[in-house]
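Heads up, my numbering is the position in the first sequence plus 31, with the first residue counted as 1.
Glycine included, every Cβ here is placed at the ideal spot set by N, Cα and C.
Note sheet for the following structure.
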Amino acid sequence: MDYKDLANLIFPDAKPIEVYEKMYPERNLPDGAIVTRFAPSPTGFVHIGGLYQALCAKLVANRTKGVFFLRIEDTDQKREIENGIEGIISSLKDFDVEADEGMISEDEWKGEYGTYKQSSRKDIYQAYAKYMIELGKAYPCFCSPEDQEELRKKQENAKIRPGYYGVWAKCRNLSIEEMAEKIKAGEPYVVRFKSPGREDRKVQCHDLIKGKVVFPENDMDIVIIKSDGLPTYHFAHLVDDHLMRTTHVIRSDEWLSSLPLHVQLFSEAGFKAPKYCHISPIMKNDNGNKRKLSKRKDKEAAVSYYSEIGVPPDAVKEYLVNIANSNFENWRRANKDAKIEDFEFQLNKMSVSGALFDMVKLLDVSKGVISRYSAEEVYNESLKYAEKYDPKLKKMLDNKEYSMKVLGIERGNNKPRKDISKWSDVRENIIYMYEKPTEYDFDKITGDEVKKVASEYLKVFDINDDKQMWFDKMKDTAEKCGYAREVKEYKSEPEKWPGHVGDISTAIRVMISGRRNTPDLYEIIKVLGKDEVIARLEVFAK
RNA sequence: GGCCCCAUGGUCAAGCGGUUAAGACAUCGCCCUUUCACGGCGGAGACAUGGGUUCGAUUCCCGUUGGGGUCACCA
32 MDYKDLANLI FPDAKPIEVY EKMYPERNLP DGAIVTRFAP SPTGFVHIGG
82 LYQALCAKLV ANRTKGVFFL RIEDTDQKRE IENGIEGIIS SLKDFDVEAD
132 EGMISEDEWK GEYGTYKQSS RKDIYQAYAK YMIELGKAYP CFCSPEDQEE
182 LRKKQENAKI RPGYYGVWAK CRNLSIEEMA EKIKAGEPYV VRFKSPGRED
232 RKVQCHDLIK GKVVFPENDM DIVIIKSDGL PTYHFAHLVD DHLMRTTHVI
282 RSDEWLSSLP LHVQLFSEAG FKAPKYCHIS PIMKNDNGNK RKLSKRKDKE
332 AAVSYYSEIG VPPDAVKEYL VNIANSNFEN WRRANKDAKI EDFEFQLNKM
382 SVSGALFDMV KLLDVSKGVI SRYSAEEVYN ESLKYAEKYD PKLKKMLDNK
432 EYSMKVLGIE RGNNKPRKDI SKWSDVRENI IYMYEKPTEY DFDKITGDEV
482 KKVASEYLKV FDINDDKQMW FDKMKDTAEK CGYAREVKEY KSEPEKWPGH
532 VGDISTAIRV MISGRRNTPD LYEIIKVLGK DEVIARLEVF AK
């Protein structure tokens, strides 16, 4: 009996790998094209870090005329979640980070290298596991969880490195006949990789982001096929990325330490290893400690959070690219209207250490993104947000013609207003354009003086005045009330007046809007209309 | 604990042996014919630490400290 017989005994129905090698040939792509992927587990939840990876992958694949595909890694049935795949696909769609190929629904896919769902690729993994057994590079292991627990304890007590390796790998030394016998007797088993590595030797691996990394060789006989017949991550990675002809594996940092294993796996299987890019995770400051954004503790970890607070997807992407390639910021300044996709994104410019997530900066980026929107876009996006999350805003926006005017104030010029950083800001931002203020935040001028200002201004107010005329009348009112016409005059001799035209206009601003900080008063008055303005002023004139 | 990675202002970061150590966010002034926002100008603010190597180290090497990752039939 030889390895081939053993392989046949374990996987009698598995096809020879040539079948798959032929079915999924090398891709015919231009030189330098990068084939990469986003390979999440279908928990339905897309982490901001996942989006970050996917975005980097897509950017770099598209830029090189390569392929970005979506593979679902669902080999752990315990973690399975209803509609998990749909959740991922729709999140990617929301951010316009859609894959060129891969899963497009729970069980449909596009592309020539499918299926892209690991749970449906059992036959393929088994074919390759069989191949490994034939080569004598994998073997069945009959150790029970209890056996392994015992092994671990023994190693711990002896203070030696725990794990299934070398002399501790009991089953690797079973004879083929013994193995066959146990299989025939129906003993449960897993398939393990027979590692040729030695812990006292070093391997050098290259990572496109981290650079040169040196590890002890892997000597663990890791499980490649679990007792349920599905592969572990490591083996699925080997088979899938080989067969899907991935050139660059872009994945999270936490995989870095299994790099020696993966490199060894590719080498032992006789396949060309992809290039690796390990991305540092996005961190959060938690009481002075850095830690990964956590799905459970941090609301901002979920990509869905950003649509809930109304940060446009573009802004989130822009922020993320910002973290990834810090030269993006300069590029953006020089290319205000260009698409993110046109930016020459580079993997090797990514930071080796994890960045702290900075909501303030995100909102600043978002502010810039929204300031470039037209009034119509702001209207449409606010409306979409309102329909989902803010009924009161929705009601306001129902008057489209008026709302467009409101949202168009100081917008569309070369110094557009930047006061909206998320759609959830909009209602508070413009509410006074829809209803009379209920509170008034007066500053310097109060009481009787307010009355005086209101009545003086009402005497001259004309909705049809042009801006210059309007402003001149503001100055006239200031003078009438005993205030300086010009700010400069006042500043040179501040003892001469109680204040200047700015104080007067602020008072009027407050009467009209309730607040001291608004966009251009002249435009507000124009949009509000004669009757409303007069009505609001009259409240104080009486 | 073993192994691995990392370390520049509050945050994100340029920098690759000789620099007045960029820039962005945040912060603080001033300016922009009224507020706010925008924009402009300016201020404050950093190379974790100890040893080497070198004529010279933020940059290279080693130790220390600190942070992070990883040690599964989870991915």
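{"query": "Where the beta strand (DSSP E) containing R282 begins and where it ends", "result": "H279 to S283"}
{"query": "Among K453, W501, K213 and A386, nearest to K321 - alpha-carbon criterion", "result": "A386"}
{"query": "Of the listed residues I543, R516 and M542, nearest to G530 (C-alpha basis)", "result": "R516"}
{"query": "Strand pairing of A169, partner residues [DSSP]", "result": "F224"}
{"query": "Under the three-state DSSP convention, the category Q235 falls into", "result": "strand"}
{"query": "Proximity of Y144 and M275 at Cβ, strictly below 7 angstroms", "result": "yes"}
{"query": "Straight-line Cα distance separating D238 from L60", "result": "23 angstroms"}
{"query": "Every unbroken alpha helix (DSSP H) inside the segment 274-339 [4 residues or more]", "result": "290-300"}
{"query": "Per-residue burial, E165 [other beta carbons within 10 Å of its own, 16 or more giving buried]", "result": "buried"}
{"query": "Candidates V491, C174 and G443: closest to E408 by CA position", "result": "G443"}
{"query": "Segment contact, 8 angstroms Cβ cut-off, at least three pairs: the segment 244-260 with the segment 205-225", "result": "yes"}
{"query": "Expected contact under 8 angstroms - CB spacing of D345 and V400 to nearest Å", "result": "5 angstroms"}
{"query": "Range of the contiguous alpha helix (DSSP H) that encloses M500", "result": "K498 to K511"}
{"query": "Beta-carbon separation (whole angstroms), A538 vs V484, contact threshold 8 angstroms", "result": "5 angstroms"}
{"query": "Spatial distance of M210 from L37 (CA atoms)", "result": "8 angstroms"}
{"query": "Same chain only: Cβ atoms within 8 angstroms of Q179, ignoring 5 sequence neighbours per side", "result": "Y195"}
{"query": "Inter-stretch contact (C-beta, 8 angstroms, three-pair minimum) for the segment 344-362 and the segment 84-94", "result": "yes"}
{"query": "Counterpart residues of P262 in DSSP-defined beta bridges", "result": "I256"}
{"query": "Cross-strand partners of T67 (DSSP beta bridge)", "result": "F99"}
{"query": "Rounded C-alpha distance that separates M314 from K46", "result": "45 angstroms"}
{"query": "Contacts around A406, its chain only, beta-carbon distance under 7 angstroms, and the 5 residues preceding and following it disregarded", "result": "M435, L438, G439, R442 and G443"}
{"query": "Among K213, C236, A333 and P305, the one whose alpha carbon lies nearest that of S288", "result": "C236"}
{"query": "Nearest to E285 (by Cα), restricted to the options E569, G81 and V558", "result": "G81"}
{"query": "Secondary structure, alpha helix (DSSP H): runs of 4+ residues fully inside the segment 108-170", "result": "115-125 and 153-165"}
{"query": "Close beta carbons around N316, own chain, < 8 angstroms, minus the five adjacent residues each side", "result": "L387"}
{"query": "Reference M134, options K557, P171, D105 and K153, closest by Cα", "result": "D105"}
{"query": "Rounded straight-line distance, which links the Cα of G228 to that of P312", "result": "29 angstroms"}
{"query": "E487 versus S325: straight-line alpha-carbon distance, rounded", "result": "59 angstroms"}
{"query": "Nonlocal neighbours in the same chain, by C-beta distance under 7 angstroms from F374, ignoring five residues either side", "result": "V352, F359 and W362"}
{"query": "Selected residue, minimal CA-CA separation from P477, among L205, I535, S452 and K453", "result": "One detail in the question is off: residue 477 reads as Thr in this sequence, not Pro. Selected option, being the one with the closest Cα: I535."}
{"query": "At least 3 beta-carbon pairs within less than 8 angstroms: the segment 91-102 vs the segment 51-69", "result": "yes"}
{"query": "Cβ neighbour criterion (16 or more within 10 Å) applied to I41", "result": "buried"}
{"query": "Own chain residues within Cβ distance below 8 angstroms of L378, not counting five before or after", "result": "C87, V91, L239, I240, H279, I281 and C308"}
{"query": "Classification of I120 by the beta-carbon crowding that lies within 10 angstroms, buried from 16 upward", "result": "buried"}
{"query": "Exposure of G319, with buried meaning 16 or more beta-carbon neighbours within 10 Å", "result": "exposed"}
{"query": "Cβ-based neighbour list, Q149, same chain, cut-off 6 angstroms, excluding 5 preceding and 5 following", "result": "E104, D105, T106 and A267"}
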